[in-house]
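Each remark here refers to the structure printed beneath this line.
Number of protein chains: 4
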Amino acid sequence: MPLLEPGSRRAAIDDTALLAALVRTEAAWLRALAANGLIKHEQVPSATLEAIPVRLRDEDVEATGNPVTALVDQLRAGINDPDVASMLHVGLTSQDTLDTALMLIARDALDQVTSALAATAGALATLADEHRRSVMAGRTLTQYAVPVTFGLKAAQWLVGVLDAADAVTAVRRGLPVQCGGAAGTLSRAADLVADPMQLVAAFAQELGLARPDLPWHTRRTPVLRLADALGETLAALGVLASDILLLGRPEIAEVREMPTEGNGRSSTLPHKQNPVLAVLVRGAALQAPQLVAQLHLSAALAVDERPDGAWHAEWPALQRLLSLAVVASSQAAELIPSLYVDTAAMSRRVAEAADELLAERRRDEPGPPSSYLGAADAFVEAALRRFFDTSGDER
Amino acid sequence: MPLLEPGSRRAAIDDTALLAALVRTEAAWLRALAANGLIKHEQVPSATLEAIPVRLRDEDVEATGNPVTALVDQLRAGINDPDVASMLHVGLTSQDTLDTALMLIARDALDQVTSALAATAGALATLADEHRRSVMAGRTLTQYAVPVTFGLKAAQWLVGVLDAADAVTAVRRGLPVQCGGAAGTLSRAADLVADPMQLVAAFAQELGLARPDLPWHTRRTPVLRLADALGETLAALGVLASDILLLGRPEIAEVREMPTEGNGRSSTLPHKQNPVLAVLVRGAALQAPQLVAQLHLSAALAVDERPDGAWHAEWPALQRLLSLAVVASSQAAELIPSLYVDTAAMSRRVAEAADELLAERRRDEPGPPSSYLGAADAFVEAALRRFFDTSGDER
Amino acid sequence: MPLLEPGSRRAAIDDTALLAALVRTEAAWLRALAANGLIKHEQVPSATLEAIPVRLRDEDVEATGNPVTALVDQLRAGINDPDVASMLHVGLTSQDTLDTALMLIARDALDQVTSALAATAGALATLADEHRRSVMAGRTLTQYAVPVTFGLKAAQWLVGVLDAADAVTAVRRGLPVQCGGAAGTLSRAADLVADPMQLVAAFAQELGLARPDLPWHTRRTPVLRLADALGETLAALGVLASDILLLGRPEIAEVREMPTEGNGRSSTLPHKQNPVLAVLVRGAALQAPQLVAQLHLSAALAVDERPDGAWHAEWPALQRLLSLAVVASSQAAELIPSLYVDTAAMSRRVAEAADELLAERRRDEPGPPSSYLGAADAFVEAALRRFFDTSGDER
Amino acid sequence: MPLLEPGSRRAAIDDTALLAALVRTEAAWLRALAANGLIKHEQVPSATLEAIPVRLRDEDVEATGNPVTALVDQLRAGINDPDVASMLHVGLTSQDTLDTALMLIARDALDQVTSALAATAGALATLADEHRRSVMAGRTLTQYAVPVTFGLKAAQWLVGVLDAADAVTAVRRGLPVQCGGAAGTLSRAADLVADPMQLVAAFAQELGLARPDLPWHTRRTPVLRLADALGETLAALGVLASDILLLGRPEIAEVREMPTEGNGRSSTLPHKQNPVLAVLVRGAALQAPQLVAQLHLSAALAVDERPDGAWHAEWPALQRLLSLAVVASSQAAELIPSLYVDTAAMSRRVAEAADELLAERRRDEPGPPSSYLGAADAFVEAALRRFFDTSGDER
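See the structure below:
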């Protein structure tokens, strides 16, 4: 329901993408069969399946509980060569096709997330470096603590983003095909070829996905780790968005989301500028935990050789989580470079609150807040070092 | 993403429905303004707004963070009469429009749920009555306990459904308009009319929704209670679906979902009949708790006069929860009448397991399991009494 | 783990309370048996069971999966009269005892919550009334909107608390005994007496709990509704705590939690005063949604005549949720009267931000912000009317 | 509330453990100060702090919102040497102490989990190897699919456990100290020594925890990854427990939890043997997702230099999740070796259901189900290879 998911069209994790991924999966399997001599190669031109018009009706999907059976029917009907048509999907089960297609979608989403996180990290590194000496009030439990720098704050956001990017990269690398046949034994595939593992290998290679040691129909580690990495991403983005929203309150006004043309308009207040990107990113971060929980729950209930509902409960949560991560990371990549950092406001506040900010210090004559920054700069340096080490950017 | 939400098109809780509800809300407000003399009545023909072509682009929605501002712009541009155009949305805030529109959608959804639950309850009452003497094994912690009847099991499902229907009815009755203006004071409306409460009353009356004592921009009781009633509905349906799935396992085979034409087909196993409806209902029930949690979380974080993300995080969860409840209740209404109850299988099992089923009994000569049913029939009677008292059906 | 649950000892929802409730439940059942002629009344002095020393070892609880079996063993061993000993627990199942004991604990908790919410509501009504004319900035999406009054803000908090109190009262009234025997048929009880329903009625009467029409071993409506009411309570408290934390930020400083002796001390910052109560209440509110989700999930998975894990997963969540609600409501009842409302700060801010606060107004010569409060006072009045109508307090 | 958390005492993740870890943390910091010349080494005998009697009252914990301030007060009062007393906790903030203590507890818990998972994996490897040829019905969506082997089922459980063990090991390795002082700058520490990083390094070394590049007061990556690994563990255990419960239903009876003395007794049914361990493990797995969600949520809301409630909301969830993982993994390590695998029952069922199990096969003369196992054995081999490669066990 894109109207209630602002920005979601840029993620394009929708039925069109899913349908394309499902078709691509079936096509890859056909080519894997061909590579193993089960169909003649010239019979499987790469564009065949993609060109077949498919229209899946909701009632057909509901009738079988997932979109694969109806899709396979329509694809078969659309293939001219009866030899090829009869081999379509043979050896796969619907979960193989759907899980694999979702991994393809996940890969595209993770690539978008990775690149958005890299852009965000770059912008944060710039902020961290530029504001090493921008002293501001530290705040704990909402009250003034000791002074910090805005550079340190940006550095902490940066490390959060780098942590998330690491997690995303690790998961991205391992995204596997699903390939087990009706009950995870490759039963039918093994009747077709001597070594069905070669079919799995060819299938994985066709799609550029990892080849798992065993099917994971009911061992949802790949989905769990995907969920966790996306959750970590949205948590990191949630922190920076929430901080920006706090610092951008008009009474604080130390950091502001600078609106682009038309952004942040209110339906009733003509001059108001809402921090729309930060609000949307924070809104996304507030949704991720429950979606992560959904995927953990489904994993814990994955019984038998295919579970009776837990798998189905995974799909919308995974789709939403991927979409939110793509959208929120791309919004963050737009938000961070647009920040206006009001160092004068920071300085004024630090001067006003100097007594409280220095209350911890045990000296007869404490210097100014800027002399009580501890290791703030060293921490900024550590964050930047990590960024430059991993980003390939030059300092 | 309907392909991953089988059956969701029958709920039709989608962007088309939302857009219609948003327009209907703005139209009702116009009429409320007219009823209070702010526009001439003849200027507000009921069909005006509905006829204006509107197309909301994702980037416009994202730019303001919700679909209302862009919608109001397009509607204004489409209204011929400049007096009317200038009054459109005046006095409302975007949250008024969106919250109210979501209540309209909720009402339609609850009506669908109510009628599906009534059908389900009717079918369950029939089962409960017919199977008062169908003795079957009681099972606790997966193992045989004492005998029960299938009538009692159906009666328990029935009472669960009646409980849920009560909750839905109570919530349905109280669904309120949202009407507070920019910060919940009716500031602008009070500049237009002497008593802005009359505008609220007219607005509520136009839409047939309740008039709340105060706006609920940040006091999300209506959303919470809606969430809880939908959660209760899906929990009740989850229990019966899960029980049916267990009893329909081939090794137990006491109750079976009877497939209709084409339903339950496997993509690879030709003769297999999957209990698709029960699986989908159970899958829905496994998703509800996280969606309920989302709405509780958003309610707990509804700060200021409009929160910075918590409100946005509500929308997709509410939409999904409404959709799941409509779809799952309608699937249950199809599932229950289709059940095949194999009383012979129940009897055979009871005979085989008689020793275990009667182990509790302390008698020298215990009778057959059918003599150890305790108050089972009285409980069935209690459930049926409640059903007939509330349903208006005749026995 | 009370060290990580500050304030939890005041709720006293702990093993001591549970053990007492379990014993009380078994004692009530004994008296119900006596009332139905199964034991001689003089054999069941009310203090019998309570005086028996019981010590449940974790390994015994683990061995049977719940504390009831070990408890019954120890109680039996401690009863002198063999006739009574042999009748102890007869006709009940362990779920009857544990569910009923948890309802007793819930009742005590809800009574504490009710009285704390009443105190909170009283303090909020005072604030709402006193601050009808305390103009302050309205804030939406973190930015200035139109002016509001602190009276209206307090009134909104008040209505949230009254909504929650209504929900708690409704649930409190219906808390039922659990009484179904081994598989929900009263099998054994029906062998003891002609009408086992009379045993249920006597049991309920002994404990002052409601008599359910049917057992609810797997139809968890009572637990769900309890969860929802507690969730609603914590959401309402979360909103006011979060608002207070925002308004108490030193840069805003319009409302402050006034520390009592020793409260809010920092381990390192000597002069810092943390808003500890508001932080703890908000922290509780952030935990409720997941606990509510847990109880919804367990309800949805309550299969067979007793489920294989879902019931067990309920217990800690229910205990935590009850404890959090008692503690947070009692903290709120302490917090609200302790608030320092700095109306001068509010006025200064309103004056500074007048242009933004009046931007919506379409007048040639707008008056001051205090002239643009719309229906704020009418809403305060509506809230107070509801409070006085229901509280029995006099104005 | 241990009575509602059967087996939790074996985890011993309780207030006693927490208090010990808090004291140990403060002691390590004292030694780090000594190592940097701030206290004389002979003044800091290792046993000093541990010997001081400490009793934290709930009201003191509540007054400051966490247990550290009261603890530091009592420890200071108990230290004889005023020089040492005055240096206790100097440079730390309460979050440093509590976060670090929780990491110590997490480490102990992960060690217990690791060893329990290793034992579980060993037992599963044995089952997988022994039952390579134990043909049984594959089941998808509750219905018969193609044949599988029990060896493959055990192999899939094994790989799930190995995945979880990998995740736990990775997290265990990186558990960091928390060390940032009042607002994450090491402000006070930097006034004490030239290079406060050396204090952090000494602190980490004292405790054997990792030294983080930056404090993580509001960047909760370590907690998130801990949560995710524990969630993965409980999901893997949930699958095997749920499968065992299904296969142990009396109508299926292919695998059974063999009760040890006294285990599984019912409070009312004398001969019943409940699969208590499997039920408890499944019950734990049903709780993990919500606890994981709690920790993701807290991470997403970690604003400022210390958040106003999100941190507090972490504690009970983390404690419960650690405890559940320890208990459930240890129960699984007891459960798996106790399984009785009834291969005769499996064979009978396969024979009865041969038509359905072979329906997929497209051959004129299909062989018996045992000839249609596809790559089942190869998958078992792959799982065992991974087990022996990583466990160090010999084949």
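Protein chains in written order, with this note's numbering: chain S, 149 to 543; chain L, 149 to 543; chain G, 149 to 543; chain F, 149 to 543. All C-beta atoms in this analysis are idealised placements derived from N, C-alpha and C, irrespective of residue type, glycine included. Bear in mind that the values here come from a model prediction, so they are computed numbers and not experimental data.
In chain order, what residues of the same chain lie with their CB nearer than 7 Å to the CB of GLU94 (chain F), ignoring the 5 residues before and after it?
Nothing can be reported for residue 94 (chain F), as the shown portion of chain F is limited to 149 through 543.
Chain-ordered neighbours of TRP463 (chain G) on chain F, where CB pairs are closer than 7 Å:
LEU152
Quick one: is HIS237 (chain F) buried, meaning 16 or more other Cβ sit within 10 Å of its Cβ, or exposed?
buried
In chain order, which alpha helix (DSSP H) runs of at least 4 residues are fully inside the region 211-288 of chain F?
216-226, 230-235, 242-278
Counting C-beta neighbours from all protein chains within 10 Å, is the total for ARG543 (chain F) 16 or more, i.e. buried, or is it exposed?
exposed
Bounding residues of the alpha helix (DSSP H) (the contiguous stretch that carries ALA404 (chain G))
Here the sequence assigns Arg to residue 404 (chain G), which means Ala is not the residue at that position. ARG404 (chain G) -> not in any alpha helix (DSSP H); beta strand (DSSP E) instead, spanning 403-405.
Local conformation of GLN291 (chain F) per DSSP, three classes
strand
Using the beta-carbon count (16 or more within 10 Å), is TYR488 (chain S) buried or exposed?
exposed
So, using beta-carbon positions, are PRO455 (chain L) and THR366 (chain L) closer together than 8 Å?
yes
Less than 8 Å separating the beta-carbons of THR333 (chain F) and VAL296 (chain S)?
yes
In the DSSP assignment, find the unbroken alpha helix (DSSP H) run with LEU505 (chain S) in it and report its ends.
502-505
Straight-line CA distance for GLU210 (chain F) to VAL440 (chain G)?
24 Å
Whether or not the region 228-244 of chain G and the region 406-416 of chain F are in contact is what I'm after, with contact meaning three or more pairs of Cβ atoms, one per stretch, closer than 8 Å; do they touch?
yes
Run the CB neighbour count on ALA331 (chain G), radius 10 Å, all protein chains shown included, and call it buried at 16 or more, exposed below.
buried
Would you mind telling me which residues of chain F sit closer than 7 Å to GLY396 (chain L), beta carbon to beta carbon, in chain order?
THR290
Would you identify the three-state DSSP class for THR297 (chain S), choosing helix, strand or coil?
strand
Is it buried or exposed, GLU190 (chain S), if we count other Cβ atoms within 10 angstroms and call 16 or more buried?
exposed
Where in the region 389-459 of chain L do unbroken runs of the alpha helix (DSSP H), each at least 4 residues long, occur, reported from the N-terminal end onward?
424-448
Considering only C-alpha positions, which residue in the set L:ALA160, L:ALA524, L:THR164 is nearest to ASP361 (chain G)?
L:ALA524
Please check if any C-beta of chain L sits within less than 8 Å of the C-beta of SER518 (chain G).
no
Residues that ILE400 (chain S) contacts on chain G, provided the C-beta gap is smaller than 7 Å:
GLU399
Under 8 Å, do VAL294 (chain L) and LEU505 (chain L) count as touching if we go by C-beta distance?
yes
In the structure shown, what three-state DSSP assignment does PRO517 (chain S) receive?
helix
What residues from the region 159-185 of chain F come within 8 Å of chain G, judged by C-beta to C-beta, listed N to C?
ILE161, ASP162, ASP163, LEU166, LEU167
Express the C-alpha separation of VAL283 (chain F) and THR288 (chain L) in angstroms, rounding to a whole number.
29 Å
Between ALA182 (chain S) and ALA257 (chain S), is the Cβ-Cβ spacing less than 8 Å?
no
How is LEU487 (chain L) classed by DSSP in three states: helix, strand or coil?
strand
Just how far apart, CA to CA, sit LYS301 (chain L) and PRO485 (chain L)?
15 Å
To be precise: take each residue of the region 412-423 of chain S, compare its Cβ to all Cβ atoms of chain G, and keep it if any distance is under 9 Å. Which residues remain?
GLY412, SER414, THR416, LEU417, PRO418, HIS419, LYS420, GLN421, ASN422, PRO423
If you run the structure through DSSP and keep just helix, strand and coil, what is ALA160 (chain S)?
coil
Determine, using beta carbons only, whether LEU393 (chain F) comes closer than 8 Å to chain L.
yes
If you count every other CB in all the chains shown that lies within 10 Å of the CB of THR245 (chain L), and 16 or more means buried, which is it?
buried
Determine whether the Cβ of HIS460 (chain S) lies closer than 8 Å to any Cβ atom of chain L.
yes
Would the beta-carbon of SER477 (chain F) fall within 8 Å of that of THR317 (chain F)?
no
To the nearest angstrom, report how far apart ALA313 (chain S) and LEU385 (chain S) are at their CA atoms.
11 Å
Under a three-way DSSP split, which group does ALA352 (chain F) fall into?
helix
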